[in-house]
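Student: When we follow this note's numbering, the leftmost residue of the sequence shown carries the number 1, and every step to the right adds one.
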Amino acid sequence: MKRNLIKEIAAKTRVKEEGLGVTLSRIKKREDLRSIEQAACYYIKKNNLDINVSSIMDDVTRAAVQGFKQRPIRQSGTAPIATHVQKTVRTRGEKRTRKAAFVSPDLTFVQNDALRSMLQRDIDELNIAISAGIDKTRKICMVMAGSIAETLLLEKLMQDSQQASSVAHTQKVKHPEDLDRWELGEMVRVATQMNPPLLPTDLITLADQVREWRNLIHPGRELRDARNKEIEISKGRANAAVSVLQIIEEHLNKPKK
Numbered sequence: 001m002k003r004n005l006i007k008e009i010a011a012k013t014r015v016k017e018e019g020l021g022v023t024l025s026r027i028k029k030r031e032d033l034r035s036i037e038q039a040a041c042y043y044i045k046k047n048n049l050d051i052n053v054s055s056i057m058d059d060v061t062r063a064a065v066q067g068f069k070q071r072p073i074r075q076s077g078t079a080p081i082a083t084h085v086q087k088t089v090r091t092r093g094e095k096r097t098r099k100a101a102f103v104s105p106d107l108t109f110v111q112n113d114a115l116r117s118m119l120q121r122d123i124d125e126l127n128i129a130i131s132a133g134i135d136k137t138r139k140i141c142m143v144m145a146g147s148i149a150e151t152l153l154l155e156k157l158m159q160d161s162q163q164a165s166s167v168a169h170t171q172k173v174k175h176p177e178d179l180d181r182w183e184l185g186e187m188v189r190v191a192t193q194m195n196p197p198l199l200p201t202d203l204i205t206l207a208d209q210v211r212e213w214r215n216l217i218h219p220g221r222e223l224r225d226a227r228n229k230e231i232e233i234s235k236g237r238a239n240a241a242v243s244v245l246q247i248i249e250e251h252l253n254k255p256k257k
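1. Suppose you measure from the CA of Q246 to the CA of I128; what does that come to, to the nearest Å?
2. Which of helix, strand or coil does DSSP assign to D208?
3. Between K172 and W182, what straight-line distance do the alpha-carbon atoms span, to the nearest angstrom?
4. Measure how close the beta-carbons of F146 and A241 come, nearest whole angstrom, since I'm counting them as under 8 Å.
5. With three or more beta-carbon pairs closer than 8 Å as the criterion, would you say the segment 205-215 touches the segment 104-122?
6. Does N112 come out as helix, strand or coil in the three-state DSSP assignment?
7. To the nearest angstrom, how far is it from the Cα of L153 to the Cα of N48?
8. Measure from the alpha carbon of Q162 to the alpha carbon of each residue in D178, E150, K174, P200, then state which is nearest.
9. Which residue's Cα is closest to the Cα of T151: D135, R214, H175?
10. Identify which residue in A238, K174, E155 has its Cα closest to the Cα of M118.
11. For the alpha helix (DSSP H) containing R237, list its first residue and its last residue.
12. Three-state secondary structure (DSSP) at N215?
13. Since I130 contacts C141 with CB under 8 Å, what's their CB separation in whole angstroms?
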């Protein structure tokens, strides 16, 4: 990990490098974004600082993720949806390989500046959650993946809003003329019926499931689902939500035939 990255964190927390609670050499050796985040959290908690760790990591995450990929920082999203990074972990004298998937959608097709800003913010936050371990941040991943997928779809549909609204009428969408009021499931149904289709029809069921998971952001919904044993917040479902996001992005970025 480059020294200037550590200095950036130190500057934001207004402390010296050694005050971060983890040595520079250790971070360099592990090249682990999670170590940096843990170090920042450690210092903030220890000194009772009124600083949001997300604000510290926002400027660091993209640089660190691209550092793992060993290529320059991308400009407004030119990388594929996810890159698997190999990490070697020693366990009782043995070596085993662990994979961490960081989300980095290709945002070159996004024309709306407000949506681009929202996407980059949500993508950065999802990457922080992934770096901390999906088993520990499973609800965040389930919710954020659905939110990002919905934003990507909204942008693509808004680029051909006239056809999208026309298709929405045939699909009996509640507010066919107001795309920003559509739910994720409605967006997917319309996207599959566009000419040419933006998404394959097999994504309808998957996207509907992601929509259900994203709604867990509402505490009342989570209570009802837990009471009725309808949805369980789990690592497997979190991974599935991220995978559906990957599939949606791949199709939205396919060149038109």
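All C-beta atoms, glycine included, are put in the ideal place defined by N, C-alpha and C.
Tutor: On the basis of the coordinates in this document:
1. 17 Å
2. helix
3. 11 Å
4. In the sequence as displayed, the identity of residue 146 is Gly instead of Phe. Right, the Cβ-Cβ distance comes to about 6 Å (below 8 Å), so this counts as a contact.
5. no
6. coil
7. 41 Å
8. D178
9. R214
10. E155
11. 235-252
12. helix
13. 7 Å
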